[in-house]
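Here the sequence shown stands for residues 4 to 488, numbered as in our numbering. In this text, a Cβ means the ideal position worked out from N, Cα and C, and glycines have one as well. The structure appears right after this line, and notes come after that.
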Amino acid sequence: MLAACSRTPALRSLRIPCARSRSTRAGTASKSPKTFVVVEMLKNEPGALGQAIGTFEKHGVNMTHIESRLKSFARDGPSFHIDFEGNHDDPNISAMLQELRQQCASVTVEEPQACPWFPVNIRDLDETRDTLDGGTDLIADDHPGFADEAYKNRRVEIVNLAKKYTHGQPLPVVDYTLEETQTWGAVYTRLKQQSQTMACDEYLASMNSFEKYVEFGPDKIPQIRDISDFLQQETGFQLRPIAGLLSARDFLNALAFRVFFSTQYIRHHGNPFYTPEPDICHELIGHVPMFADPDFADFSQQIGLASLGARDDEIDQLATCYWFTVEFGVMKQAGELKAYGAGLLSSFGEMEWSTQPNPSEECRQMGGIAKNFPDLYKPEMLPFDPFVVSKTPFPITTYQPKYFYVDSMADAKFKLDTFCDGLHRPFHPQNDPVTQSIVVSRAVKREPRTSTLGLQADKQREFFENLQQGLSDAQIYDSAPRLTM
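Right, dumping it as structure tokens:
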């Protein structure tokens with residue numbers, strides 16, 4: 004997540020390392036309980052499975068998942084792994100299992116499969132509290148506000164509003180100062196002017212709607228409460244305040260509920276066109292307009308749903324897909340490349356670098372390309388293929404040396420669907436928008452919730468120590484591309 008001519012290494016904290024640390028309670032994985040049974044058939048003959056399925060139908064029990072297994076050496080009949088709705092100690096379920104045992108060689112109720120913690124209901128997002136906060140982890144000595152105690156105290160004040168928020172409360176309102184509003188206005192005016200020729204049509208259409216209905220303009224910093232209300236009416240997405248940067252797992256999990264975590268503090272006024280981490284300018288000018296587009300909203304939620312209960316390595320793959328699309332995505336429209344990723348739309352420098360056929364030398368210098376990739380005069384452009392994208396490394400303090408373009412967000416979602424179907428997920432998730440809950444297809448049990456942000460912060464410090472020792476971003480990119488996200 005970059006904002007106006009910045010590189011934001013901290014946002015690579017989207018990636019979660021595989022270590023375990025602080026944990027919270029485990030929990031059931033759905034409001035609709037599931038039971039998992041292994042059914043061994045007596046014989047391998049036509050109609051055997053149909054008879055078993057008929058027993059489920061007779062008792063009005065809904066199967067949610069079924070897999071066949073190789074025959075065992077002990078029996079001639081096949082084996083089936085079946086998940087169904089209901090608890091095995093329910094009288095009707097018990098009666099069905101008893102009847103099933105009379106038809107089969109054996110029917111065994113198994114323990115639910117363990118999987119990483121994930122939110123089952125939108126209220127579970129209240130447990131997403133572990134962040135790299137703006138007071139200690141993000142404001143390093145290269146930050147414009149490092150020596151400004153008043154600015155740091157103001158950041159803490161705004162961050163505390165997010166820390167106190169819980170689901171169901173009105174979103175906190177920030178009384179922005181004149182100085183903060185002037186910073187916003189400078190960024191807004193410059194990015195709007197440039198986006199007219201470099202941003203995708205969907206972004207421009209959404210910006211027009213926000214300016215018309217939500218007082219979205221250079222003279223006032225919009226409140227996320229007003230933005231969230233309007234966004235929810237457009238695509239069902241909503242904003243939620245956050246104190247700082249999240250792990251990839253927590254951030255992506257929220258997208259499954261069409262929730263986007265947004266900071267509310269703003270960059271330092273001393274340099275309005277640079278920030279080393281996401282702020283309200285990046286969130287509202289870069290991200291929010293695209294969430295008002297239905298196809299983009301569906302694409303984003305799909306990444307979120309796929310992240311629920313996923314393994315750490317799969318979270319890494321999904322976060323990388325997010326990086327090259329939602330953050331740094333480009334789209335071909337009328338034969339030209341246009342920006343749709345928030346990291347581009349909130350950075351006038353990288354917006355030029357990623358969309359123009361002949362980026363200026365000033366642009367190359369500003370984005371660290373001339374120093375770190377001296378032979379690169381324009382970025383490499385490849386068609387979006389999530390099987391390739393998910394394994395692609397990227398630098399974290401320069402403009403991207405390569406981008407992946409899409410023909411449309413609907414086409415991108417189709418390709419992402421195919422990719423997600425190949426992940427080894429423990430279940431298939433669906434979001435119930437009425438109850439704002441996740442319905443899973445299998446009997447699973449969530450492991451205790453964990454946080455690895457302490458390790459993540461150490462990884463970031465290690466990265467910058469490498470930079471200080473003389474290693475270029477390109478060298479770190481080649482030797483340890485998956486250090487952080």
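Worksheet entry | 7 Å Cβ shell around Phe390 - same chain, five flanking residues per side excluded | Phe422
Worksheet item: Which value, in whole angstroms, describes the spacing of the CA atoms of Ser265 and Glu355?
Response: 25 Å
Practice prompt. Output the distance between the C-alpha atoms of Lys381 and Lys341, rounded to the nearest integer angstrom.
Written response: 15 Å
Worksheet entry | Backbone secondary structure at Asp232 - three-state DSSP | helix
Discussion item. Going by C-alpha to C-alpha distance, which of Leu45, Tyr268, Glu70, Gly80 sits closest to Leu164?
Written reply: Tyr268
Worksheet item: Hey, how far is the Cα of Ala259 from the Cα of Asp253?
Response: 11 Å
Worksheet item: CB-CB under 7 Å to Ala202, same chain, minus the five flanking residues each way: which ones, in chain order?
Response: Lys341, Ala342, Leu348
Item to complete: Assign Tyr268 to one of three DSSP states: helix, strand, or coil.
Response: coil
Worksheet entry | Neighbourhood of Arg132 by C-beta, 6 Å cutoff - its chain only, sequence neighbours within 5 removed | none
Discussion item. Helix, strand or coil, according to DSSP, for Glu205 in the structure here?
Written reply: helix
Discussion item. Since Arg449 and Lys37 should fall inside the 8 Å C-beta cutoff, what is the C-beta to C-beta distance between them, to a whole number of angstroms?
Written reply: Incorrect: roughly 13 Å between the Cβ atoms, too far for contact.
Discussion item. So, with DSSP's three-state summary, where would you put Glu353?
Written reply: helix
Practice prompt. Count the other CB atoms, across all protein chains shown, that sit within 10 Å of the CB of Ile412; report buried if there are 16 or more and exposed otherwise.
Written response: Looking at the sequence itself, residue 412 is Met, so the reference to Ile does not match. Buried.
Discussion item. So the candidates are Pro362, Ile245, Ser71, Phe302; which of them puts its Cα closest to the Cα of Thr238?
Written reply: Phe302
Worksheet entry | Cα-Cα separation, Phe430 to Asp414 | 25 Å
Worksheet item: Since Leu242 sits in a beta bridge, which residues does DSSP pair it with?
Response: Phe263
Discussion item. Per the DSSP calculation, Asn434 is bridged to which residue(s)?
Written reply: Ile441
Discussion item. For Lys341, list the residues DSSP reports as bridge partners.
Written reply: Met334
Practice prompt. Please classify Cys8: does DSSP put it in a helix, a strand, or coil?
Written response: Only weak support exists for where Cys8 lies, its pLDDT of 36 falling under 50; the coordinates are left without a value.
Practice prompt. Only counting runs of 4 or more residues, tell me where the alpha helix (DSSP H) segments fall wholly within the region 37-107, in order along the chain.
Written response: 51-61, 94-106
Worksheet item: Three or more C-beta pairs closer than 8 Å, one from the region 192-209 and one from the region 276-296: is that the case here?
Response: yes
Fill in: Helix, strand or coil at Gly138 according to DSSP, with G and I counted as helix
Here Gly138 scores only 46 on pLDDT, less than 50, and its place in the model is too uncertain to base an answer on.
Item to complete: Going by DSSP, name the residue or residues bridged to Met384.
Response: Tyr406
Practice prompt. Give me the Cα-Cα distance between Trp120 and Gly312, rounded to the nearest whole angstrom.
Written response: 6 Å
Worksheet item: In three-state terms, what does DSSP make of Leu248?
Response: strand
Discussion item. For a test of the three-state rule: what should DSSP assign to Thr278, helix, strand or coil?
Written reply: strand
Worksheet item: Do three or more CB pairs link the region 223-239 to the region 167-184 at distances below 8 Å?
Response: yes
Fill in: Assigned secondary structure, Lys418 (DSSP; H/G/I helix, E/B strand, else coil)
helix
Worksheet item: So what does DSSP say about Val123, is it helix, strand or coil?
Response: coil
Item to complete: State the DSSP-derived secondary structure class of Val177, mapped to helix, strand or coil.
Response: coil
Discussion item. On the criterion of 16 or more Cβ atoms from any shown chain inside 10 Å, does His427 qualify as buried, or is it exposed?
Written reply: exposed
Worksheet item: Out of Met99, Thr328, His91, which has the shortest C-alpha to C-alpha gap to Gly344?
Response: Thr328
Item to complete: Leaving out five residues on either side along the sequence, give the residues of the same chain with a beta carbon under 7 Å from the beta carbon of Val41.
Response: Ser82, His84, Thr111, Glu113
Fill in: Gly425, DSSP secondary structure in three states
coil
Item to complete: For His285, count neighbouring Cβ atoms within 10 angstroms of its own Cβ and tell me buried if that reaches 16, exposed if not.
Response: buried
Worksheet item: Where does Gly63 land, buried or exposed, given buried means 16+ other C-beta within 10 angstroms?
Response: exposed
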